Structures are given as structure tokens and as C-alpha cells.
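Trainee: Right, I'll just put the structure down here and ask away after.
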Amino acid sequence: MQDMKNLSRRGFVSISGRAGLTTLVASAVGVNLGLIEVVSAATSGKVTPFRFAMISDSHLFSIDDHKFDGMMADAVDQVMAMKPLPDFVIYGGDIAQNGRDDQLKKGIKILSKLTMPLKVIPGEHDWYLDMGEAWRGHFGKPTWSFDHKGVHFIGMNSILVRDFWTKAGLTPEQRMGVMEMLESPIAGPWGVREEQLEWLKKDTKGLRPDTPVVVFTHSPLWDYYPRWNFQTEDAPEIREILSKFDRVMSYHGHVHQTVYNKIGNMSSVGALSTSWPWPYPDVKLEYPDMRMNRSDPGNIRDGEGAQYIDLEANFQGTMHYDPFNDDMLKPAIKDGFKV
Amino acid sequence: MQEKTMQQASPDSSVRASTRRSAKACAAAALLAAGAAMALLMTGSTSAREPFTPEELAEQQKALLAVVDHGRDLWHGSLPSMSTNGLACGNCHPDAAASNPQTFPKYQADLGKVIALREMINWCIQVPQGGKPLDVSGDDMVAMEAYAFNLYRGEAIAPGLASQQTSPIVVKSGVGYPKKGSGIGYDKGTGLGSDK
Chain A
84 MQDMKNLSRR GFVSISGRAG LTTLVASAVG VNLGLIEVVS AATSGKVTPF
134 RFAMISDSHL FSIDDHKFDG MMADAVDQVM AMKPLPDFVI YGGDIAQNGR
184 DDQLKKGIKI LSKLTMPLKV IPGEHDWYLD MGEAWRGHFG KPTWSFDHKG
234 VHFIGMNSIL VRDFWTKAGL TPEQRMGVME MLESPIAGPW GVREEQLEWL
284 KKDTKGLRPD TPVVVFTHSP LWDYYPRWNF QTEDAPEIRE ILSKFDRVMS
334 YHGHVHQTVY NKIGNMSSVG ALSTSWPWPY PDVKLEYPDM RMNRSDPGNI
384 RDGEGAQYID LEANFQGTMH YDPFNDDMLK PAIKDGFKV
Chain B
240 MQEKTMQQAS PDSSVRASTR RSAKACAAAA LLAAGAAMAL LMTGSTSARE
290 PFTPEELAEQ QKALLAVVDH GRDLWHGSLP SMSTNGLACG NCHPDAAASN
340 PQTFPKYQAD LGKVIALREM INWCIQVPQG GKPLDVSGDD MVAMEAYAFN
390 LYRGEAIAPG LASQQTSPIV VKSGVGYPKK GSGIGYDKGT GLGSDK
């Protein structure tokens, strides 16, 4: 585990000042992702109030001046305009569209405008061209945890599917193509798999039940709509491991929409993308008021944006969607909601 | 040839007539001039009369699903001219969700008039995707419509208001169309893709 205090803006900037900006931001991010192992004591259960922000699903193409570049940059600008500024930013996966290194590098350059630490988890679009090689080169391990102001934060790679490509003799590009299609019947459900489940058990073993825990994954930790992988196959095991805690918050990308759910001790919130909105699948939601309005197809910026979460002393959280276009939010979520 | 015939004679009766004809007849018709082909379709009207034999129905279904399958590929980016920015219809409309084909023709606020689904498809190709529109009466457009409508078949008609999300048909993995099984992963060659 690693303490966020080691990732102060000063430290981040000092790293950034030693080499070219793109490389340096990646280096700083690498430090964030567990290259320095710091053993921290179990938290006290009390939170020093703070804010963190989330940007997700930018789906950058290998096309110069693509519209998604500017929308990701707009989300970064919105985060930098927040008052107060967030202590750190989590990126929820799918920086790239086709997993290409130039797409990841473009995203890193855009994200380099953030002056606070950045934590990153992968999405399937980042991963399946080279099985995460380029992604890990930039960001390090996809599985990490750290403590910050009394909260234990966890990030995991939830988009691991079973090998469908080796026996079929697929090229990396064909494999990526399968994974790019949301409703592809080939890849099947994804999850974090055994190794990360074991890691999660060890990571949380010494923590007291009253420890505030926040977990980040690309996909939701509940069966929302498996056909589109709006799920994590081993989410029940994750929830079981985390069931010893009084309260757990889960934040995820992939769904490109506002969505909220609560199962047991875990609340779950989906992030807006910065690229395009997915439609709501035909699922009866427990909290339908949390859905956003249907996007205007004539307005490319309608239905996307950033978000931030304010955590209070008693580990109460308030989720704020920060869309590009304010009137996409329904009254129940327009001014933030408790998670 | 079959798709071309469908393009030339789009009314349902003509489509059914064309699908009932044997493959041999289709091949022969391909050699005819356009006017002669149309005449053949018109004079073949008795073959469109129900009841159809199981074999005839299977042939018709096969022809339809071949077009649906082509539409599914187009929907997911198989024709490069449909996009200049990498986006395909499936980016915003997986399983044709939220395309609400059964609600067309309808008033489209962005355009200020009542339009057909094919006009909406071309709008999406040109604006969000920055691509070249399809021929509104061409095979590719028919295939796009066939894919969308096939997934919504049986859905109650409801207005597709921009302020209200209408629901797509729920399809189990791979059963919305008889995509030939790839034999890999969860798509184990049954053609259904859901036999995990």
C-alpha cells in the first residue's frame, strides 16, 4: 500500500520537471501505481474531508485533432476549475479506442494539465491490442491501493476475459476488434480473476471493519447488463471479501452514463464518459431517478463530462456529476446525491 | 442478385416473390435486362400467395437474415466510407438500442420535419460519424434498416421522444441475428453464441 501524501503536487511536478512532459507525467503516474511500496497502518475509521475527481472513457483515436481529444481536454479543464480542487484524480479506463500506444500517449499529454496526482485503471480498449503492454509501460501495475486522509483506496483491472484468441489464431488487431464491440458475443464476461481476488484478500486483511474503503474498477461490481459487460463476473467474490467493512463505495467507468446501485454494504456509481453516452439497457433499475436525460444526438457534448466526489468526516460521500451540458441531469442528481 | 432484385422492387410482395424463386431462376434473371427482370417479378405474383411451404419459408428467412447480417456488419463499421472519425453506428447504438426504428417516420426536432428511419441513418452517418451517406434506396440502406428492425421486431410502438429513453428489445448474446458461429470463445459455433 502507498500513502497519497507521497504523491503531493510538489513531488509530482518535480518529477515532471526532469524530462519531456509526456514521459514525465507517465513517470509520475508510475510512481502512483505501486512502484514504491509503502506499508501504512490501518486507518482509524475517521476521514479528513476532501474531494477527488474522476475522468473516464475518452476513447481517443489515432486521428489528429479528433473531436474526442478536445472533449477529454475539456474534462481536464473542468477538473482544474473545481473549487476546491480535488486532492487527486482517478481515470476510469479506456483512454484509447484501439489500444494503440499513440492513443495512450495522446491521453497522457492531455491529462498532463492536471496538477494533482492521477491514478489510472485500464479499460478493455486500452488492453487487448498488446495485452496491456503499452498501458503498463506508462502506468505500471493495474492493481493498486493507497491510503489518503483516512480512506483506503483500491484499484483493480476488471476487464480480464478468458483466452478466445490463441486457439482461433487471431491477430492482435482481430482480438482488439472483438473487444471493441460492446455487444460482441465472442469474448464473454470479464472479471478481475483469481490473482487479483487473492491480492484483494491480502490487501484488506489487516484493515479494521470501520475503515472507509473506496474501490475503482472499469466495470460495475454488480450485474447491470452482462450482454454489454455492464458487469464484473467475479463481483460477488469481491463484494464478499469487502463485506467485512461497514461501508464500501465503488466507482466505475464503462457504462458512459449516470447510474447508481447499492448491494449490501457497497454503493456503486457509474461515471460519465468524455466521448459518447451509451443508451440505458432495458433493465429495471432500483434507482431509476439517477438516470440522465436522453442525449441530443445533434449535440456531441451532450451526455458527457467529468465528476467529483466529496467525502466527509463520517465517510458520507456526495457524488457530483459535472457534465459538459448541465441540463442533461435530472433533478434527483442535478445538485449531487449521497452515496 | 437477390439483394439487387430487392432494391429494384422494394414492396413486400415483390420481395417475397423474389425470395421464393429458386436460385437457378435468380441466376437466370441476373442475365436479363432491368426491364425484363421487373416484368418477371410482376408476373411471378402467384408465387407470393400463402400458404408457403416450410422450405419456402426457410428460404425467405435465410434471405432476410443474410441482409440482416450485412446490416449488422455495416452497423459496426465494415464500410469505411460511412465514417471519417472512426465512429460507427454501434458506438452509440449497441444492439441498435435507442435507435427506435419502430417509431419512424416521426418528427425529428434537429431537422424540423418528419423523416423516415433511412434519413435518420444518413444524418447519423454524416454528422456524428462525418461519413458519406448511403444511397437511400440501395442495398446497404435496406440492410441497415433490416438489422435495426429485426432487433426491434415485436416491440410495442412508442414515441421516441428525446426526453424519454425508449427501451430496446433485449437480445441474448448472439440471438438477435443468426450470425454464423465463429467457433471461438463464447461463440462456440452454434450460431447463437450464448452456449457458455
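Those sequence lines, one after another, are chains A and B. Per the numbering used here, the first sequence starts with residue 84, numbered consecutively. Per the numbering used here, the second sequence starts with residue 240, numbered consecutively. Note that the Cβ used here is the ideal one computed from N, Cα and C, for glycine as well. Remember, it's a predicted structure, so these values are computed and weren't measured experimentally.
To the nearest angstrom, how far is it from the Cα of residue 346(A) to the Cα of residue 169(A)?
Mentor: Residue 346(A) sits at position 263 when you count from the first residue of the first sequence. Residue 169(A) sits at position 86 when you count from the first residue of the first sequence. Spanning the two alpha carbons is a distance of roughly 27 Å.
Trainee: Please classify residue 384(B) as buried or exposed, where buried requires at least 16 other C-beta atoms within 10 Å of its C-beta.
Mentor: As a position in the second sequence, residue 384(B) is number 145, starting the count at 1. It counts as buried.
Trainee: With the cut-off set at 8 Å, would you say residue 301(A) and residue 241(A) are in Cβ contact?
Mentor: Along the first sequence, one-based indexing puts residue 301(A) at 218. Along the first sequence, one-based indexing puts residue 241(A) at 158. Yes, Cβ-Cβ distance for residue 301(A) and residue 241(A) is below 8 Å.
Trainee: Could you give the DSSP three-state label for residue 391(A): helix, strand or coil?
Mentor: Locating residue 391(A) in the first sequence gives position 308, where the first residue counts as 1. Here residue 391(A) sits in strand by DSSP.
Trainee: So residue 180(A) contacts chain B; which residues on that side make the cut at Cβ distance below 8 Å?
Mentor: What you label residue 180(A) is simply residue 97 of the first sequence in a count that begins at 1. Chain B residues near residue 180(A): 325.
Trainee: Under 9 Å Cβ-Cβ, which residues of chain A neighbour residue 333(B)?
Mentor: Locating residue 333(B) in the second sequence gives position 94, counting from the first residue. Those within 9 Å of residue 333(B) in chain A are 264, 265, 266, 310, 311, 361, 362 and 364.
Trainee: Alpha carbons only, please: which of 285(A), 325(A) and 312(A) is nearest the one belonging to residue 298(A)?
Mentor: For the purposes of this step, residue 298(A) is taken as the residue at position 215 of the first sequence. Comparing Cα-Cα distances from residue 298(A) to each of 285(A), 325(A) and 312(A), the minimum goes to 325(A).
Trainee: From residue 25(A) to residue 203(A), what distance separates their C-alpha atoms?
Mentor: No statement about residue 25(A) is possible, as the shown extent of chain A runs from 84 to 422 and does not include it.
Trainee: For residue 275(B), does the three-state DSSP call read helix, strand or coil?
Mentor: What you label residue 275(B) is simply residue 36 of the second sequence in a count that begins at 1. Note that residue 275(B) scores 44 on pLDDT, short of 50, meaning its location in the model is unreliable and no value can be drawn from it.
Trainee: Assuming residue 382(B) and residue 313(B) are in contact, meaning their beta carbons sit under 8 Å apart, how far apart are those beta carbons, in whole angstroms?
Mentor: As a position in the second sequence, residue 382(B) is number 143, starting the count at 1. As a position in the second sequence, residue 313(B) is number 74, starting the count at 1. Sure, about 6 Å apart at Cβ, within 8 Å.
Trainee: For residue 346(B) and residue 385(A), I'd like the C-alpha separation in whole angstroms.
Mentor: Numbered from its first residue, the second sequence carries residue 346(B) at position 107. Numbered from its first residue, the first sequence carries residue 385(A) at position 302. Approximately 20 Å, taken between the alpha carbons.
Trainee: Relative to chain A, which residues along the region 347 to 361 of chain B have a C-beta separation below 7 Å, given in chain order?
Mentor: Under the 7 Å Cβ criterion, the region 347 to 361 of chain B contributes 349.
Trainee: Strictly below 9 Å CB to CB, what residues from chain A border residue 363(B)?
Mentor: As a working mapping, residue 363(B) is identified with position 124 in the second sequence. The answer, in chain order, is 380.
Trainee: Following the continuous beta strand (DSSP E) through residue 344(A), name the residue where it begins and the one where it ends.
Mentor: By 1-based counting over the first sequence, the position of residue 344(A) is 261. From DSSP, the beta strand (DSSP E) with residue 344(A) extends over 343 to 346.
Trainee: Here's the rule: buried if 16 or more other CB atoms are within 10 angstroms of the residue's CB, otherwise exposed. What is residue 378(A)?
Mentor: If you number the first sequence from 1, residue 378(A) lands on position 295. The residue in question, residue 378(A), is buried, as its Cβ has 16 or more Cβ neighbours within 10 Å.
Trainee: Chain A beta carbons: is any one of them nearer than 8 Å to that of residue 330(B)?
Mentor: As a working mapping, residue 330(B) is identified with position 91 in the second sequence. True, the Cβ-Cβ gap to chain A drops below 8 Å.
Trainee: Taking the alpha helix (DSSP H) that residue 152(A) belongs to, which residues open and close that run?
Mentor: Looking up residue 152(A) in the first sequence gives position 69. It spans 150 to 163 - the alpha helix (DSSP H) in which residue 152(A) sits, taken as one unbroken run.
Trainee: Tell me whether residue 406(A) sits in a helix, a strand or coil according to DSSP, three-state version.
Mentor: Within the first sequence, the letter at position 323 stands for residue 406(A). Looking at residue 406(A) - three-state DSSP - the assignment turns out to be strand.
Trainee: By the three-class DSSP mapping on this structure, what secondary structure does residue 134(A) have?
Mentor: Sequence index remark: in the first sequence, residue 134(A) carries index 51 (1-based). Note: residue 134(A) maps to strand in three-state DSSP.
Trainee: Go through the region 256 to 317 of chain A residue by residue and report every complete run of the beta strand (DSSP E) that reaches 3 residues or more, in order.
Mentor: The region 256 to 317 of chain A contains these whole beta strand (DSSP E) runs: 296 to 300.
Trainee: Measuring only between beta-carbons, confirm whether residue 416(A) sits less than 8 Å from chain B.
Mentor: Mapped onto the first sequence, residue 416(A) falls at position 333. Closer than 8 Å: no.
Trainee: Could you check whether residue 303(A) and residue 353(A) sit closer than 8 Å to each other, using their CB atoms as the reference points?
Mentor: Counted from its first residue, the first sequence places residue 353(A) at position 270. Counted from its first residue, the first sequence places residue 303(A) at position 220. Going by C-beta atoms, residue 353(A) is nearer than 8 Å to residue 303(A).
Trainee: Let me make sure I understand the geometry here. Which of 402(A), 334(A), 188(A) and 308(A) has the alpha-carbon closest to that of residue 368(A)?
Mentor: Position 285 of the first sequence, counting from 1, holds the residue named residue 368(A). Closest by alpha carbon: 308(A).
Trainee: So if DSSP puts residue 349(A) in a beta bridge, which residue, or which two residues, is it bridged to?
Mentor: Along the first sequence, read from residue 1 onward, the residue named residue 349(A) stands at position 266. DSSP lists 331(A) and 346(A) as partners of residue 349(A).
Trainee: If you follow the alpha helix (DSSP H) that residue 304(B) is in, where does it begin and where does it stop?
Mentor: Here the question's residue 304(B) lines up with position 65 in the second sequence. Residue 304(B) -> alpha helix (DSSP H) spans 293 to 314.
Trainee: Would you check if the distance between the CB atom of residue 259(A) and the CB atom of residue 190(A) is smaller than 8 Å?
Mentor: Residue mapping note: residue 259(A) aligns to position 176 of the first sequence, counting from 1. Residue mapping note: residue 190(A) aligns to position 107 of the first sequence, counting from 1. Not a contact, by the Cβ cut-off of 8 Å.
Trainee: So, with DSSP's three-state summary, where would you put residue 337(A)?
Mentor: Taking the first residue of the first sequence as 1, we reach residue 337(A) at position 254. Residue 337(A) falls in the coil class under three-state DSSP.
Trainee: Can you tell which of 187(A), 418(A), 231(A) and 390(A) has its C-alpha closest to the C-alpha of residue 160(A)?
Mentor: Residue mapping note: residue 160(A) aligns to position 77 of the first sequence, counting from 1. Measuring from the Cα of residue 160(A), the nearest candidate turns out to be 390(A).
Trainee: Mind pulling the chain B residues with CB within less than 8 Å of residue 150(A)?
Mentor: Residue 150(A) sits at position 67 when you count from the first residue of the first sequence. Result: 324.
Trainee: Should residue 350(B) be labelled buried (16 or more other beta-carbon atoms within 10 Å of its own) or exposed?
Mentor: Translated into the one-based positions of the second sequence, residue 350(B) becomes position 111. By the neighbour-count rule (16 or more Cβ atoms within 10 Å), residue 350(B) is not buried but exposed.
Trainee: Beta-carbon of residue 383(A) versus every beta-carbon of chain B: anything under 8 Å?
Mentor: Position 300 of the first sequence, counted from the start, is the residue given in the question as residue 383(A). Yes, residue 383(A) lies at the interface with chain B (some Cβ there is under 8 Å from its Cβ).
Trainee: Compare the C-beta of residue 144(A) against all C-beta atoms of chain B and say whether one is closer than 8 Å.
Mentor: Mapped onto the first sequence, residue 144(A) falls at position 61. For residue 144(A), the answer is yes, since a Cβ of chain B falls inside 8 Å of its Cβ.
Trainee: Just verifying my parser: in three-state terms, what is the DSSP assignment at residue 115(A)?
Mentor: Locating residue 115(A) in the first sequence gives position 32, where the first residue counts as 1. Reliability of the predicted coordinates at residue 115(A) is poor, the pLDDT of 39 falling under 50, and no value is obtained from them.
Trainee: Pair every Cβ in the region 254 to 272 of chain A with every Cβ in the region 290 to 297 of chain A, then say whether three or more of these pairs are closer than 8 Å.
Mentor: Output reads no: the region 290 to 297 of chain A does not touch the region 254 to 272 of chain A.
Trainee: Please list the segments of the beta strand (DSSP E) lying wholly inside the region 169 to 211 of chain A, counting only runs of 3 or more residues, in order along the chain.
Mentor: Whole beta strand (DSSP E) segments, 3+ residues: 171 to 174 and 201 to 203.
Trainee: With distances taken Cα to Cα, identify the nearest neighbour of residue 376(B) among 369(B), 367(B), 299(B) and 360(B).
Mentor: Taking the second sequence and counting its residues from 1, the one referred to as residue 376(B) is at position 137. Checking every option, the nearest Cα to that of residue 376(B) belongs to 360(B).
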